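Quick note on numbering: the sequence shown equals residues 4 to 145 in my numbering. Just below is one structure, and these are the notes that go with it.
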Amino acid sequence: MRWWGSAAGWCRAVYVAGFAEGTAAHVVDLVRGGLDAYESFPYAPVRALFLALVVLDPLVVLLLLRAPVAGVAAGALVMTLDLAANLTANAADIAATPARTLPGMTPLLLFGAFVLATARPLTRSPRGRTPARALPEAKPTP
């Protein structure tokens with residue numbers, strides 16, 4: 004987007020770094036705990052989502068690098084689900100001991116807020132421009 008200038012590329016880099024870190028965190032959890040890594044969380048859909056993030060997070064990174072607009076949209080969807088699942092799974096701990104629980108969730112909450120605040124402007128089509136031109140093109144690999 005012309006009105007975003009170089010900020011669009013910078014935002015995409017932040018997205019890639021955040022989803023790559025999320026991938027690493029979920030892979031580490033899976034290696035340490037296997038398929039039961041999230042058994043302490045109360046709801047099966049939450050546990051299933053956390054396992055699925057091992058695939059979804061790197062898929063978002065790939066989309067961000069190959070199809071930036073689709074990557075931003077997919078990233079917003081994945082972050083919405085991730086935030087909802089984390090807040091649901093940790094609701095009792097947040098209510099009981101917020102000073103202990105929230106500091107560990109702060110990076111996720113900040114990254115989620117960043118993604119959700121920037122996703123729509125990055126995928127919109129101002130003044131008739133196509134969304135495909137909204138973000139800088141990924142360079143093809145040789």
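No residue lacks a Cβ here, since even glycine has one placed at the ideal position from N, Cα and C. Keep in mind the model is a prediction, meaning the values are calculated, not measured.
Inset, instruction - Enumerate in chain order the residues of its own chain whose CB-to-CB distance from R50 is below 8 Å, with the five nearest sequence positions on each side excluded. - result: In the sequence shown, residue 50 corresponds to position 47, counting from 1. Cβ neighbours of R50 beyond the five flanking positions: Y41, E42, F44.
Inset, instruction - Taking 8 Å as the cut-off, decide whether the C-beta atoms of G78 and V17 are in contact. - result: For the purposes of this step, residue 78 is identified with residue 75 of the sequence shown, where counting begins at 1. For the purposes of this step, residue 17 is identified with residue 14 of the sequence shown, where counting begins at 1. Contact: no.
Legend entry - Neighbourhood of L86 by C-beta distance below 6 Å, restricted to the same chain and skipping five residues each side: Within the sequence shown, the letter at position 83 stands for residue 86. For L86, where only same-chain residues beyond five positions count, the Cβ hits under 6 Å are G115.
Legend entry - Segment limits, alpha helix (DSSP H) that includes A44: Here the question's residue 44 lines up with position 41 in the sequence shown. A quick correction: the sequence has Phe, not Ala, at residue 44. Where F44 is concerned, there is no enclosing alpha helix (DSSP H), given that its DSSP letter is neither H nor E.
Legend entry - Buried versus exposed, by CB contacts within 10 Å (16 or more), T2: Nothing about residue 2 can be reported from this structure: the residues present for the chain run from 4 to 145 only.
Legend entry - C-beta contact flag for T83 and C14 at 8 Å: Along the sequence shown, one-based indexing puts residue 83 at 80. Along the sequence shown, one-based indexing puts residue 14 at 11. For T83 and C14, no; Cβs fall outside 8 Å.
Inset, instruction - Taking G25 as part of the alpha helix (DSSP H), name the residues at either end of that continuous run. - result: For the purposes of this step, residue 25 is taken as the residue at position 22 of the sequence shown. 10 to 36 is the extent of the alpha helix (DSSP H) around G25.
Legend entry - DSSP-derived helix/strand/coil call for T100: For this step, residue 100 is matched to residue 97 along the sequence shown. Correct three-state label for T100: coil.
Legend entry - Residue interval of the alpha helix (DSSP H) (run including N89): In the sequence shown, the residue the question calls residue 89 occupies position 86. For N89, the uninterrupted alpha helix (DSSP H) segment begins and ends at 71 to 92.
Legend entry - Residue closest to L56, alpha-carbon to alpha-carbon, out of A99, A10, T26: The residue you call residue 56 lines up with position 53 of the sequence shown. Here the closest residue by C-alpha is T26.
Inset, instruction - Helix, strand or coil for R127, going by three-state DSSP, please let me know. - result: Position 124 of the sequence shown holds residue 127. In the structure shown, R127 sits in coil (DSSP, three-state: anything other than H, G, I, E or B).
Inset, instruction - Give the single residue among P71, L54, A10, V72 whose Cα lies nearest to the Cα of G36. - result: As a working mapping, residue 36 is identified with position 33 in the sequence shown. Answer by Cα proximity: L54.
Legend entry - Euclidean distance between Cα positions of M4 and H29: In the sequence shown, counting from the first residue as 1, residue 4 sits at position 1. In the sequence shown, counting from the first residue as 1, residue 29 sits at position 26. Interpretation of M4 is limited by its pLDDT of 39, a score under 50 that renders its predicted location unreliable; no figure is taken from the coordinates.
Inset, instruction - Answer yes or no: do A76 and T126 have a C-beta to C-beta separation smaller than 8 Å? - result: Indexing the sequence shown from 1 puts residue 76 at position 73. Indexing the sequence shown from 1 puts residue 126 at position 123. A contact, by the Cβ cut-off of 8 Å.
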